[in-house]
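Novice:
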Amino acid sequence: MKIGYFPGCSLLGSSREYGESLTAIAPLLGLELTEVPDWNCCGASAAHSLNHKLALALPARILALAERAGLSELLVPCSACFTRLAGTRYELSKDENLRREISRIIELPYNGTTRVLNVVEVLSRAAANGLKEKVSKPFGRKVACYYGCYLTRPAALNTCKRAEDPQEMDDIVKVCGAEPIDWPFKVECCGAGLSVAKLDSVARLSGQIVDDAVRRGAEAIVVACPMCHTNLDLRRDAIQQYRNQQYSIPVIYISQLIGLTMGLSPDKLGMQRHHVPVRFERAAQTISTPAPAAAASAAAPAQAGTAEKRG
Amino acid sequence: MPRIGVFVCHCGENIAATVDAAAVAQAAAGFPGVVHSVDYKYMCSDPGQNLIRDAIREKKLTGVVVAACSPRMHEPTFRRTCADAGLNAFLCEMANVREHCSWVHEKLPATTEKAIDLVRIMVEKVKRNRPLFPIKVPVTKTALVIGGGIAGIQASLDIANAGHKVILVERDPSIGGHMAQLSETFPTLDCSQCILTPRMVEVAQHPNITLYTYSELEKLEGFIGNFKATIRRKARFVDEKLCTGCGICAQKCATKKIPSEFNAGLGNRTAIYVPFPQAVPNKPVIDKAHCTYFRTGKCKVCERFCEKKAIRFEQEDELIEVPVGAVVVATGYDLKQTDFFPEYGYGKYKDVVNGLQFERLASASGPTLGAIKRPSDGKTPETIVFIACAGSRDPAKGINYCSKICCMYTAKHAMLYKHKVHSGKAYVFYMDIRAGGKMYEEFVRRAIEEDEVHYVRGRVSKIYERDGKLIVKGVDTLLNSRPVEIQADMVVLATAMVAHKDAEELAQKLKVSYDGDHFLSEAHPKLRPVEMNTAGVFVAGACQAPKDIPETVAQASGAASKVTGLFSKDELQREPVVAKVNRCAPPLFSTCIGCFLCESACAYQAIEREEIRGRDGKLIKTVARINEGVCQGCGTCVALCRSKSIDLQGFTNEQIFAELLAL
Chain V
23 MKIGYFPGCS LLGSSREYGE SLTAIAPLLG LELTEVPDWN CCGASAAHSL
73 NHKLALALPA RILALAERAG LSELLVPCSA CFTRLAGTRY ELSKDENLRR
123 EISRIIELPY NGTTRVLNVV EVLSRAAANG LKEKVSKPFG RKVACYYGCY
173 LTRPAALNTC KRAEDPQEMD DIVKVCGAEP IDWPFKVECC GAGLSVAKLD
223 SVARLSGQIV DDAVRRGAEA IVVACPMCHT NLDLRRDAIQ QYRNQQYSIP
273 VIYISQLIGL TMGLSPDKLG MQRHHVPVRF ERAAQTISTP APAAAASAAA
323 PAQAGTAEKR G
Chain U
74 MPRIGVFVCH CGENIAATVD AAAVAQAAAG FPGVVHSVDY KYMCSDPGQN
124 LIRDAIREKK LTGVVVAACS PRMHEPTFRR TCADAGLNAF LCEMANVREH
174 CSWVHEKLPA TTEKAIDLVR IMVEKVKRNR PLFPIKVPVT KTALVIGGGI
224 AGIQASLDIA NAGHKVILVE RDPSIGGHMA QLSETFPTLD CSQCILTPRM
274 VEVAQHPNIT LYTYSELEKL EGFIGNFKAT IRRKARFVDE KLCTGCGICA
324 QKCATKKIPS EFNAGLGNRT AIYVPFPQAV PNKPVIDKAH CTYFRTGKCK
374 VCERFCEKKA IRFEQEDELI EVPVGAVVVA TGYDLKQTDF FPEYGYGKYK
424 DVVNGLQFER LASASGPTLG AIKRPSDGKT PETIVFIACA GSRDPAKGIN
474 YCSKICCMYT AKHAMLYKHK VHSGKAYVFY MDIRAGGKMY EEFVRRAIEE
524 DEVHYVRGRV SKIYERDGKL IVKGVDTLLN SRPVEIQADM VVLATAMVAH
574 KDAEELAQKL KVSYDGDHFL SEAHPKLRPV EMNTAGVFVA GACQAPKDIP
624 ETVAQASGAA SKVTGLFSKD ELQREPVVAK VNRCAPPLFS TCIGCFLCES
674 ACAYQAIERE EIRGRDGKLI KTVARINEGV CQGCGTCVAL CRSKSIDLQG
724 FTNEQIFAEL LAL
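Chains V and U are the protein sequences, given in the same order. The first sequence begins at 23 in our numbering and counts up one residue at a time. The second sequence begins at 74 in our numbering and counts up one residue at a time.
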């Protein structure tokens, strides 16, 4: 199935492994990712704090280009980009005059015909459509699915059924033979953009998240947002310093987890690029709940091994 | 020749601010048939009414048009005025120039023109009005009370003590309602059951009250004074007359782990059960869904042990029909469950309970015999957090209203806890404290000052469990506003009071209106608080809006006094706005062709068949006849009649066409 793809800046830079893993698993899931031609910055967290129309015009241009390319659906993996694009689409659908004005500013027709999908929506679809049969190496570990703030907020853009305790990522990892833990930090704030300006706030907020995941027995934190990844992974030293405690729990993208269980090599999924090495102390175990396919390969090999290189 | 009088009201500024009332009166004076036209500041006042009376007498008026407010407001007033002066009341019409004109338009020439048009069409109508006479109907002096909580109990006792018969229908196996579940009541802290159960017994023993528990209203037909109620008596599977209430059946029942409704799910009951020891009647019912015999076809332990042989597995639901003259609806409320709150754990934490559950924990008759023990492990909680406004006043949750009782019962809960666990810490998170009521504010102050309950003004954003504690994250918005995190052992949510799930269905059965939250609507929010828009149906208690016990009892007594007022007469007068099938001289007798399309269209079963016979007794024709006692004047039959043989009195086709042609 052909689907539009907007990588945004993160997936080409600080979160290359997110982009790499997505493009690696897409063909296996029957997805043909078509990058929006000549795309621009979504405005990120900067534009909307400075100029409302600029904050709308930047995502609108991306959507208009996708529309022109005939894409009815657009996958936006970065949660921040997703909020900007889906939010713009929502706002312009409510105000016809504004839509016309933005269309004039970007010098492109914009009609809002391209639907914006986040990575969980797209992967949920795949999970419901035969992902189970493609899983050759069930993950076999307890994981903490971390949704972050933007997958369920604001309410008008929320695509998950339970805003305070979403289940969609949990359902995907179950299909992959992992056991999602029940924990209360799924949608807590990681500190987001304060990663640069106020590192101690990030250390405090992300520290609580990492600490609680470890306490409840998770062996990996699964994320779907580059910003979350940065704060939980790249800022691990600050977290450890702040809490005066060592945490070895790796943080992996949901696309990486799917790739590993489908038997792709860790290198191809960019596992070597993490700051916290993806390394597990014990061997994976069969989780009793999921697919019959999982039961067959009882002795699933230790995942991903020990990627020593850093990206 | 018609002699019509027009009376234009200013309604103070209400009409005169945007409509030139004098100009309307002047214009009306020129309409054909109008012989008198004046305007006045308050037509409904005594001098205003005198203007009408005098004009009727002096100018020998044959019809009156009052251009004022909605007929729903003052039509009865002005009709009475006309009748006083000797003019048939139904020769008086109102032109609504307030709700339909002055209130909804700006002050413009067109507004006055519209008012003139409204008067013109009513003048054309009133010219064609005929004198009508009220219909007299008998009154069945028996009241049906639906719901056996404190509202229904109070209304039943009041009506019965006034000497009238009452049929009290309760859906559950016992009367008592939510009040029977409460531990102590605010602001006096007297035991709820101690004040309620004597009343329950009085209901059961009262010679004027027939009590149908485990029964529901199936259908209500008829009209004020003459309803026919169909009641479904659900099968108890126990012969109530033989059963002595000894309780051996429940002792021996093998299915013991059914969450008890009476204990709000915190205790268990058996499949054959009496909901609580003080139940009225103290006779068990078999819960068919859980009974081993009904599920597997084997067991019948209760039957074996029953000395009186009172178990009846073959019993079936029974439908009974009763004639009643008035209905009091007192069906009460539901409480939102904790699973309604995602941020408080979607109901997955056992130690997050709602207010009714806490009542059961604090009650001497509850699952812990009144000791405050948390549901998960039975430990005494050292720290309890109470959260007021859980759901209430929260548009994001779809509940905009204040549940009214939570501020008070939360203070009471915190107080009861502190009285029982002296070392315990109690926190209350609140938005505002609404303690309007006699001794209410003093009660809350007592909780804060004497019992040292910590009140925190702010909302709780999240509750999660960690190492056996419930972490309550909230905010204190006063002074140096700061985030608050409390490690609690138990959390009590003052969840919103909501209408019953089937409130809408009941309202439709009774043909009464309800609001957006499915609470039943009173006829007027201020002046008719216990009546409903269907005559003869009254409302009491929390099915109308959240309210506390004193208010509920007051409303129930109010409804009861309305019923006894209604029953004080032997006959009722009804407005003659009913449909009529025309009659004319032989050999036609009527233009009705006897197709009886009207019969199938009538929602009130008001159409009868009349056989017209010659002197020799031979059938000449069968035509429709309308039972004017049953007809509600909706006009559906008029619209459907193919031979135009039916007319609605007071709204005849001729009158309506005249109104349209006047425009």
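By construction, the Cβ of each residue, glycine as well, lies at the ideal position given by its N, Cα and C atoms.
Using a Cβ-Cβ cutoff of less than 7 Å, which residues in the same chain neighbour SER43(V) once the five nearest sequence positions on both sides are dropped?
Specialist: Contacts found: TYR275, SER277, GLN278, GLY281, LEU291 and GLY292.
Novice: Among all the DSSP beta bridges, which residues are the ones paired with GLN560(U)?
Specialist: ILE544(U)
Novice: Could you work out which residues of chain U lie near ALA185(V), taking near to mean beta carbons separated by less than 8 Å?
Specialist: PRO415
Novice: I think GLU166(U) touches ASN202(U), with their Cβ atoms under 8 Å apart; what is that distance to the nearest whole Å?
Specialist: 7 Å
Novice: Does the beta-carbon of PHE413(U) have 16 or more other beta-carbons within 10 angstroms, so that it is buried, or is it exposed?
Specialist: buried
Novice: Short of 9 Å Cβ to Cβ, which residues in the region 419–432 of chain U face chain V?
Specialist: TYR419 and LYS421
Novice: Going by CA-CA distance only, name the one from ASN140(V), GLU89(V), PHE161(V) and ARG90(V) that's closest to ARG106(V).
Specialist: ASN140(V)
Novice: At a CB-CB cut-off below 9 Å, which residues of chain U make contact with PRO206(V)?
Specialist: GLY418, LYS535, ILE536, TYR537, GLU538, ARG539 and ILE544
Novice: Taking the beta carbon of ALA679(U) as the centre, do at least 16 other beta carbons fall within 10 Å, making it buried, or is it exposed?
Specialist: buried
Novice: For PRO396(U), report the span of its alpha helix (DSSP H) as first-last.
Specialist: PRO396(U) -> not in any alpha helix (DSSP H); beta strand (DSSP E) instead, spanning 391–397.
Novice: Write down the C-beta distance between GLU701(U) and VAL651(U) rounded to the nearest angstrom, noting that I regard them as a contact closer than 8 Å.
Specialist: 5 Å
Novice: Hey, which unbroken runs of the alpha helix (DSSP H) at 4 residues or more fall wholly within the region 568–596 of chain U?
Specialist: 576–583
Novice: Classify GLN263(V): buried if its beta carbon has 16 or more other beta carbons within 10 angstroms, exposed otherwise.
Specialist: exposed
Novice: Check whether chain B comes within 8 Å of ASP312(U), counting only Cβ atoms and requiring the distance to be less than that.
Specialist: In the structure shown, chain B cannot be found, because the protein chains are V and U.
Novice: Where do the N-terminal and C-terminal ends of the alpha helix (DSSP H) with PRO149(U) fall, by residue?
Specialist: 144–157
Novice: For SER288(U), write down the residues that DSSP places opposite it in a beta bridge.
Specialist: According to DSSP, SER288(U) bridges with ARG306(U).
Novice: Going by alpha carbons, who is nearest to GLU179(U) out of ALA101(U), LYS133(U) and VAL92(U)?
Specialist: VAL92(U)
Novice: Residues in its own chain within less than 6 Å of GLY631(U) by CB, not counting five upstream and five downstream?
Specialist: VAL603
Novice: Pull up the distance between the alpha-carbon of MET693(U) and that of GLU672(U), whole angstroms please.
Specialist: The sequence given here places Ile at residue 693(U); Met does not occur at that position. So the two alpha carbons sit approximately 20 Å from each other.
Novice: Please classify ALA219(V) as buried or exposed, where buried requires at least 16 neighbouring CB atoms within 10 angstroms.
Specialist: exposed
Novice: To which residues of the same chain is ASP233(V) closer than 8 Å at the C-beta, ignoring the five residues directly before and after it?
Specialist: Answer for ASP233(V): ARG265, GLN267 and TYR269, listed in chain order.
Novice: Assuming PRO176(V) and CYS182(V) make a contact with CB atoms under 8 Å, what is their CB distance in whole Å?
Specialist: The pair is not a contact, with the Cβ atoms about 13 Å apart (cut-off 8 Å).
Novice: Going residue by residue through the region 365–391 of chain U, where are the continuous beta strand (DSSP E) segments of at least 3 residues, counting only ones entirely within it?
Specialist: none
Novice: May I ask you to verify whether the region 386–399 of chain U touches the region 211–221 of chain U, counting CB pairs closer than 8 Å and requiring at least 3?
Specialist: yes
Novice: If you reduce the DSSP assignment to three classes, tell me which class GLY52(V) lands in.
Specialist: coil
Novice: Straight-line CA distance for ILE84(V) to ASN62(V)?
Specialist: 7 Å
Novice: Closer than 7 Å: is that where the CB of ILE559(U) sits relative to any heavy atom of the ligand GTP?
Specialist: By its list of ligands, the structure shown contains no ligand whatsoever, and the ligand GTP lies outside what it can speak to.
Novice: What beta strand (DSSP E) runs, 3 residues minimum, are completely inside the region 244–312 of chain V?
Specialist: 273–275
Novice: Express the C-alpha separation of ALA185(V) and LEU566(U) in angstroms, rounding to a whole number.
Specialist: When rounded, the distance between both Cα atoms is 20 Å.
Novice: Can you round the beta-carbon distance between ASP424(U) and ASP562(U) to whole angstroms, since I take them to be within the 8 Å contact cut?
Specialist: 7 Å
Novice: Report the residue from GLU118(V), LYS159(V) and SER101(V) whose alpha carbon sits nearest the alpha carbon of GLU143(V).
Specialist: SER101(V)
Novice: Among ILE559(U), HIS363(U), GLU578(U) and GLN324(U), which residue has its Cα nearest to the Cα of CYS616(U)?
Specialist: GLU578(U)
Novice: Do GLY318(U) and LYS356(U) come within 8 Å of each other at the CB atom, strictly closer than that value?
Specialist: yes
Novice: Is it right to say GLN646(U) is buried, meaning 16 or more other beta carbons lie within 10 angstroms of its own, or is it exposed?
Specialist: Exposed is the call here.
Novice: Does the region 525–539 of chain U come close enough to the region 481–499 of chain U to have 3 or more Cβ pairs within less than 8 Å?
Specialist: yes
Novice: Have a look at the DSSP bridge pairing and note the partners of PHE502(U).
Specialist: Paired residues: ILE460(U) and VAL529(U).
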